[in-house]
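Heads up: the structure comes next, in structure tokens.
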Amino acid sequence: MLDFLLPLLLIGLGVYFYFFTPENQNQTFAYRTKASLQSPETFHYAHRYLGMFWLVLGIGLWLVYLILSFIPLHFFVRSSLFFMLFLLTLFISIIMTEHKIKQ
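Next up, the structure:
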């Protein structure tokens, strides 16, 4: 059941970051890295880019979850594979966002 919530979390955060970018950089809940805090434009761009990335990846992970749910695997194996895939998508999205900001 928790596996199904992870893509929904990414989709929800993607929508939040893309459509409701925090107004100021001192927001409690925001994507704050050294590169994203360089200027207000960079901060806004990082949120929109990461939000779109998480929205697309969340939908993709949801589809992967549906496919994995029909493959006869032990629950622990399926959950472990899915969680590792979730962590991989998080790391890739942050690395890609930081790379895009620095360009």
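Numbering-wise, the numbering used here comes out as the position in the sequence shown, counting from 1, plus 446.
Note that beta-carbon positions come from the ideal geometry of N, C-alpha and C, so glycine has one too.
Worksheet item: Ser526: buried (16+ other C-beta within 10 angstroms of its C-beta) or exposed?
Response: exposed
Practice prompt. State the Cα-Cα distance for the pair Gln489 and Phe528, rounded to the nearest angstrom.
Written response: The sequence given here places Phe at residue 489; Gln does not occur at that position. Taking the straight line from one Cα to the other gives about 30 Å.
Worksheet item: Any contact of the region 512-519 with the region 474-489, i.e. 3+ C-beta pairs under 8 Å?
Response: no
Discussion item. Is Leu451 a contact residue of the ligand GTP, with contact defined as CB to any heavy atom under 7 Å?
Written reply: In terms of ligand content, the structure shown is empty, and the ligand GTP therefore cannot be addressed.
Worksheet item: I think Leu536 touches Leu507, with their Cβ atoms under 8 Å apart; what is that distance to the nearest whole Å?
Response: Wrong, their Cβ atoms sit about 10 Å apart, outside the cutoff.
Worksheet item: Quick one: what's got a C-beta closer than 6 Å to Pro468's C-beta in the same chain, skipping five residues either side?
Response: Ala476
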